[in-house]
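In what follows, a structure is listed as structure tokens, so that the remarks can point back to it.
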Amino acid sequence: MKILGTGSAVPRKTVTNDMLSEFLDTSDEWISTRTGIKSRQIITDERFEDLAAKAASRALDASGLAPDDIDYIICSNVANLYITPTLSSLIQGALGIKGPNCPTMDVNAACAGFVYCLDLCDALLATGRAHNILLVCAEEVTRFVDWNDRASCVLFGDAAGAVVVTNGGDDMLGHKMTCVPMPEVIVYCNPMEPTPFETGEGIDRHRTFEMKGREVFRMAVTAAANDIKDVIAKAGLTPDDVDHFLLHQANLRIIESIRTNLGQPHEKFPTNVERCGNTSSASVPLLLDEEVRAGRIKRGDTILFSAFGAGFVTGTALIKY
Ligand code: COA
Numbered sequence: 085m086k087i088l089g090t091g092s093a094v095p096r097k098t099v100t101n102d103m104l105s106e107f108l109d110t111s112d113e114w115i116s117t118r119t120g121i122k123s124r125q126i127i128t129d130e131r132f133e134d135l136a137a138k139a140a141s142r143a144l145d146a147s148g149l150a151p152d153d154i155d156y157i158i159c160s161n162v163a164n165l166y167i168t169p170t171l172s173s174l175i176q177g178a179l180g181i182k183g184p185n186c187p188t189m190d191v192n193a194a195c196a197g198f199v200y201c202l203d204l205c206d207a208l209l210a211t212g213r214a215h216n217i218l219l220v221c222a223e224e225v226t227r228f229v230d231w232n233d234r235a236s237c238v239l240f241g242d243a244a245g246a247v248v249v250t251n252g253g254d255d256m257l258g259h260k261m262t263c264v265p266m267p268e269v270i271v272y273c274n275p276m277e278p279t280p281f282e283t284g285e286g287i288d289r290h291r292t293f294e295m296k297g298r299e300v301f302r303m304a305v306t307a308a309a310n311d312i313k314d315v316i317a318k319a320g321l322t323p324d325d326v327d328h329f330l331l332h333q334a335n336l337r338i339i340e341s342i343r344t345n346l347g348q349p350h351e352k353f354p355t356n357v358e359r360c361g362n363t364s365s366a367s368v369p370l371l372l373d374e375e376v377r378a379g380r381i382k383r384g385d386t387i388l389f390s391a392f393g394a395g396f397v398t399g400t401a402l403i404k405y
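Shown next as structure tokens:
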């Protein structure tokens with residue numbers, strides 16, 4: 085697997101912590117000290133699928149490939165307006181990829197979606213099922229969080245990040261995907277309509293987004309640090325050999341705890357959570373694109389991706405860029 089090009093897009097609207105404190109019982113001081121977040125980009129009068137297509141188009145341009153060179157499109161997304169058709173098929177149309185020989189599918193591995201999908205891409209490329217894959221991670225979390233719940237809504241932002249991968253190299257040095265079934269720590273249910281044949285008893289239809297923040301924090305730090313060490317050791321390397329640790333941008337304190345646990349310097353842990361918040365599965369590819377475009381990530385660098393999320397899932401991948 086080789087990453088040929090990266091791209092990203094964020095919505096126009098910037099929402100600062102002070103703007104949130106105008107309608108929520110919160111403050112810039114509380115949010116910044118607990119999470120590191122100062123502001124986030126929030127989707128307003130934009131179409132989500134356009135944001136996703138913009139990131140995809142930028143990754144395609146950077147890859148140097150033509151739209152019809154793409155023979156698989158995979159999207160990572162937790163929830164969006166369209167339950168069907170898939171976001172990946174909408175992106176196929178927006179990019180003018182004709183088909184019919186370009187299958188598309190959406191994957192939901194929560195905030196670990198990018199790492200899970202990269203692993204999937206690696207497998208599809210290795211078996212020759214695909215040659216050039218467009219992977220787009222796009223999230224509009226702010227459209228489904230509970231805006232009355234100050235403990236969770238202040239954490240999120242919207243974004244899209246994309247990569248084009250091809251089977252021209254041997255980038256994947258190691259990977260580990262895990263899941264421990266714990267739906268109670270992060271849950272969001274679709275408000276589905278009852279059928280004419282049910283009483284509705286025992287079915288909680290209108291649950292909004294719920295999260296046990298402290299539990300997620302503790303599990304994230306422990307699981308991510310262990311998985312990162314495991315993957316690096318299995319590749320015959322040490323954390324010192326890794327040039328960049330691109331971690332899920334959920335909370336600066338989580339990133340800091342993992343960094344300290346690994347005994348690595350700040351420079352190896354770029355962040356954007358301060359200005360983007362937690363953008364779910366878009367967070368890692370967004371960060372990757374920012375670092376690549378800023379020239380801080382170069383060809384030949386060793387990169388560790390790590391993300392965690394609802395499930396409870398974790399995904400870790402080590403690549404040579
Ligand atoms: N503004 C002000 N006060 C707030 C607040 C807000 N936005 N949100 C919660 N509080 C209050 C709580 O009501 C509580 O008050 P109390 O002590 O009077 O009951 C107090 O702050 C402490 O709440 P607590 O939840 O214990 O805070 P915390 O230090 O654990 O920080 C999180 C909360 C959510 C920031 C932190 O647990 C976290 O980041 N967890 C990980 C979440 C995550 O990454 N989720 C995404 C996974 S992909």
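If you're matching positions, the sequence shown starts at 85 in the working numbering and goes up one per residue.
Don't be surprised by glycine CBs; every beta carbon is placed ideally from N, CA and C.
This structure is a prediction, so every number in the text was calculated from the model and none was measured.
query: Output yes if chain D places a C-beta closer than 8 Å to the C-beta of Leu257; else output no.; result: The structure shown contains no chain D; it holds only a single protein chain.
query: Is any heavy atom in ligand 1 found nearer than 7 Å to the beta carbon of Phe353?; result: no
query: So if DSSP puts Thr279 in a beta bridge, which residue, or which two residues, is it bridged to?; result: Partner(s): none; Thr279 has no beta bridge.
query: Hey, out of His350, Thr400, Phe293 and Ser116, whose CA is closest to Pro267's CA?; result: Phe293
query: Looking only at DSSP bridge pairs, what is Asn216 linked to?; result: Thr250
query: Quick check on DSSP: helix, strand or coil for Tyr200?; result: helix
query: Would you mind working out which of Thr119, Met103 and Leu88 sits nearest Phe301, comparing C-alpha positions?; result: Thr119
query: At what residues does the alpha helix (DSSP H) containing Ile338 begin and finish?; result: Leu336 to Leu346
query: Label Glu351 either buried or exposed according to how many other C-beta atoms from any shown protein chain fall within 10 Å of its C-beta, with 16 as the threshold for buried.; result: exposed
query: Ignore the nearest five residues each way along the sequence and tell me which others in His215's own chain have a CB closer than 6 Å to its CB.; result: Asp155 and Asn251
query: Does the beta-carbon of Thr119, which I'm using as the reference point, lie nearer than 7 Å to any heavy atom of ligand 3?; result: With respect to ligand 3, the structure offers nothing, as its ligand set consists of ligand 1.
query: What separation, rounded to the nearest whole angstrom, lies between the Cα atoms of Ser365 and Ala210?; result: 24 Å
query: For the putative contact between Ile175 and Pro151, defined by C-beta atoms under 8 Å, what is the C-beta separation to the nearest angstrom?; result: Not quite, the Cβ-Cβ distance comes to about 11 Å (not below 8 Å), so this is no contact.
query: Does the distance between the C-beta of Asn362 and the nearest non-hydrogen atom of ligand 1 fall short of 7 Å?; result: yes
query: Where does Val264 land, buried or exposed, given buried means 16+ other C-beta within 10 angstroms?; result: exposed
query: Within the present structure, is the beta-carbon of Arg298 separated from the nearest heavy atom of ligand 1 by less than 7 Å?; result: yes
query: Which residues bound the alpha helix (DSSP H) around Ala163?; result: Ala163 -> no alpha helix (DSSP H), and no H or E assigned at all.
query: Which residue from Arg227, Phe132 and Cys221 puts its Cα closest to that of Val248?; result: Cys221
query: Just the C-alpha distance for Arg291 and Pro278, rounded to the nearest angstrom, thanks.; result: 14 Å
query: Can you tell me which of Pro95, Ile339, Met261 and Asp288 puts its alpha carbon nearest to the alpha carbon of Asn274?; result: Asp288
query: Just tell me which of Asp255, Gly297, Asn101 and Ile403 has its CA closest to the CA of Phe396.; result: Gly297
query: Just to confirm my understanding: we take Ser147, look at its own chain, exclude 5 residues before and 5 after, and list those with CB closer than 6 Å. What are they?; result: Leu88, Gly89 and Val248
query: Would you call the segment 364 to 381 and the segment 230 to 249 in contact, with 3 or more CB pairs under 8 Å?; result: yes
query: Residues in its own chain within less than 7 Å of Pro187 by CB, not counting five upstream and five downstream?; result: Tyr156
query: Closer than 7 Å to a non-hydrogen atom of ligand 1 - does that hold for the CB of Leu336?; result: no
query: What does the Cβ neighbour count give for Ala308, buried or exposed, with the cut at 16 atoms within 10 Å?; result: buried
query: Please list the terminal residues of the continuous beta strand (DSSP E) segment that includes Leu388.; result: Thr386 to Gly393
query: Give the range of the beta strand (DSSP E) segment to which Ile87 is assigned.; result: Lys86 to Ala93
query: CA-CA distance, Ser160 and Trp114?; result: 31 Å
query: Could you spell out the range, first to last residue, of the beta strand (DSSP E) harbouring Lys260?; result: Met256 to Cys263
query: For the alpha helix (DSSP H) containing Ser141, list its first residue and its last residue.; result: Phe132 to Ser147
query: Short check: CB of Leu388 to CB of Phe329, under 8 Å?; result: yes
query: Could you give the residue range of the alpha helix (DSSP H) that holds Ala308?; result: Gly297 to Lys318
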